[in-house]
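Visitor:
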Amino acid sequence: MPLIIEKTLKGQRALVTGGSSGIGAAVARALAEAGTRVAINYLSDAEDAQKLVDEIQAGGGEAFAVQADVSREEEVKLMFELAIKRWGSLDILIANAGIQLDSAFTEMTLAQWDKVLAVNLTGQFLCAREAVKEFLRRGLIPELSSAMGKIICMSSVHDIIPWAGHVNYAASKGAVLMFMKSLAQEVAHQRIRVNAISPGAIRTPINRSAWETPEAERELLKLIPYERIGEPMDIGHAAVWLASDASDYVIGTTLYVDGGMTLYPGFREGG
Ligand code: BGC
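For the sequence shown, the residue numbers in numbering that gives the first Met the number 0 are 0 to 270.
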C-alpha cells in the first residue's frame with residue numbers, strides 16, 4: 000500500500016528550508032510525491048540540492064533549488080520573492096533548517112549560542128513572517144486547500160526533553176514551541192494553520208555519532224521505547240499529513256514523531 004495518499008497536495012506549492020539533506024530532503028521528497036511543487040532551500044550544498052531537484056523531476060515532479068541563509072532577513076525576502084515569482088504564490092512552508100553546535104556549558108561561546116538561536120529560532124521567524132504575508136496577499140483558494148496556508152515548524156523532542164551539553168539547541172527548540180503556538184493563535188482566524196513536528200532520533204547527518212557504531216546505536220535505542228531509530232521518511236509522511244486538509248482541524252499542535260522518546264523510557268522499570 001502506498002504510504003502517501005495519491006497526490007493529496009496536488010497543485011500546491013511548498014518551500015522547505017534546509018531541504019537539501021536529512022529530514023528536510025525527506026520532507027521535500029514526500030511533498031513532491033503528494034503532488035506539491037517544491038522549492039528546496041539550501042545554505043551551502045548546492046550540489047546535493049540540485050541532485051534532489053533532478054531526482055524529483057525525474058519522478059515527474061516539479062522542484063527548484065534556492066540558496067539562502069535563513070537567519071538573514073534580506074536573503075529570506077529574496078528567496079520568497081523568487082519562489083512566489085516562479086509559481087505565483089506559496090501554500091506550504093516547512094521551516095526546517097536547523098543546526099547543532101554542541102558544547103559543555105562553561106565552554107559554550109557566545110558565537111555558538113548566537114548562531115544556533117539565529118538559525119533555529121530567528122530563521123523560523125523570518126521565514127514564517129514572509130509566508131504569512133504571502134498567504135494573506137493571495138487569499139483562500141478553496142479548490143487547493145481549506146486553509147489559506149500551512150506552516151510546519153520543525154522542532155525537536157528537545158523542546159520538552161532537557162539536553163545537557165546542548166543547552167543552546169534545547170533552548171532554541173523550547174522557544175520554537177511557544178513561537179509556533181503564539182503564531183498559531185494569532186493567525187488561525189485568517190485560516191492559516193501553524194503546527195510543529197518534533198522528531199526524535201532520526202537517522203541523519205546531524206546525529207551521526209549517536210547511531211554510527213553498534214555501541215552508540217545500542218545506547219540510543221535505550222531511549223526509544225519503539226526500539227528503532229527513526230528514518231527521515233517517518234517525518235516526511237507526518238509533514239504531508241500536517242500540510243494536507245486531512246489535518247484541517249489541527250491548529251497549534253506539536254506532533255511528536257519519536258518512537259516514544261518523550262515517554263520517559265526510564266520509568267518502564269523504575270519509579
Ligand atoms: C537532535 C538529534 C538527536 C535527537 C534526539 C534531535 O533534535 O538534532 O541530534 O539525536 O534530537 O535526541
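Cβ atoms here follow ideal geometry from the backbone N, Cα and C, with glycine treated the same way.
Source: prediction; values computed, not measured.
Nearest-angstrom Cα distance between Ala82 and Ile223?
Guide: Counting from one through the sequence shown, the residue named residue 82 turns up at place 83. Counting from one through the sequence shown, the residue named residue 223 turns up at place 224. Rounded to the nearest angstrom, the two C-alpha atoms are 38 Å apart.
Visitor: Among the residues of its own chain, which have a CB less than 7 Å from the CB of Ile234, if the five just before and after it don't count?
Guide: Start at 1 with the first residue of the sequence shown, and residue 234 comes out as number 235. Excluding sequence neighbours, Ile234 sits near Ile22, Ala25, Val26, Ile196, Pro198, Ile201 and Val256.
Visitor: Cα separation between Val37 and Ser243?
Guide: By one-based count along the sequence shown, residue 37 stands at place 38. By one-based count along the sequence shown, residue 243 stands at place 244. In a straight line, the C-alpha of Val37 is about 15 Å away from that of Ser243.
Visitor: With 9 Å set as the bound, which would you pick, yes or no: does the beta-carbon of Arg217 sit closer than that to a beta-carbon of chain B?
Guide: Absent from the structure: chain B. Only one protein chain is present.
Visitor: Do the segment 111-123 and the segment 50-61 make contact, defined as three or more Cβ pairs closer than 8 Å?
Guide: Too few Cβ pairs lie closer than 8 Å, so no.
Visitor: Among the candidates Tyr263, Glu129 and Asn40, whose CA atom is the shortest distance from the CA of Thr16?
Guide: In the sequence shown, residue 16 corresponds to position 17, counting from 1. Selected option, being the one with the closest Cα: Asn40.
Visitor: Check for me: the beta strand (DSSP E) holding Pro141 runs from which residue to which?
Guide: Within the sequence shown, residue 141 is the residue found at index 142, counting from 1. Element bounds for Pro141: n/a, residue is neither H nor E.
Visitor: Would you give the residue range spanned by the beta strand (DSSP E) that Arg12 belongs to?
Guide: Taking the first residue of the sequence shown as 1, we reach residue 12 at position 13. Arg12 to Val15 is the extent of the beta strand (DSSP E) around Arg12.
Visitor: Strictly by DSSP, which residues pair up with Val65?
Guide: For this step, residue 65 is matched to residue 66 along the sequence shown. Asn40.
Visitor: Cβ of Gly173 within 8 Å of any heavy atom in the ligand BGC?
Guide: On the sequence shown, residue 173 is found 174 positions in, with the first residue counted as 1. No, the Cβ of Gly173 stays beyond 8 Å of every heavy atom of the ligand BGC.
Visitor: Please classify Met0 as buried or exposed, where buried requires at least 16 other C-beta atoms within 10 Å of its C-beta.
Guide: If you number the sequence shown from 1, residue 0 lands on position 1. Annotation note: pLDDT 48 at Met0 (below 50); position unreliable, coordinate value reported separately. The residue in question, Met0, is exposed, as its Cβ has fewer than 16 Cβ neighbours within 10 Å.
Visitor: What do you reckon, is the C-beta of Gly164 under 8 Å from a heavy atom of the ligand BGC?
Guide: Against the sequence shown, residue 164 aligns to sequence position 165. Outside the cutoff, so no.
Visitor: Bridge partners for Asn194 per DSSP, in chain order?
Guide: For the purposes of this step, residue 194 is taken as residue 195 along the sequence shown, with counting starting at 1. In DSSP, Asn194 forms a bridge with Ile151.
Visitor: Which class does Ser19 belong to by DSSP, given the choice of helix, strand or coil?
Guide: In the sequence shown, counting from the first residue as 1, residue 19 sits at position 20. Note: Ser19 maps to coil in three-state DSSP.
Visitor: Return yes when the C-beta of Met232 is under 8 Å from any heavy atom of the ligand BGC, and no when it is not.
Guide: Here the question's residue 232 lines up with position 233 in the sequence shown. Answer for Met232: no, Cβ out of range of the ligand BGC.
Visitor: Let me know if Ala94 comes out buried or exposed under the rule of 16 or more other beta-carbons within 10 Å of its beta-carbon.
Guide: Stepping through the sequence shown from its first residue, residue 94 is reached at position 95. Classification of Ala94: buried, given that the 10 Å Cβ count is 16 or more.
Visitor: Taking the alpha-carbon of Trp162 as reference, which of Gln99, Phe134 and Ala187 has the nearest alpha-carbon?
Guide: The residue given as residue 162 occupies position 163 in the sequence shown. Of the listed residues, the one whose Cα sits closest to Trp162 is Gln99.
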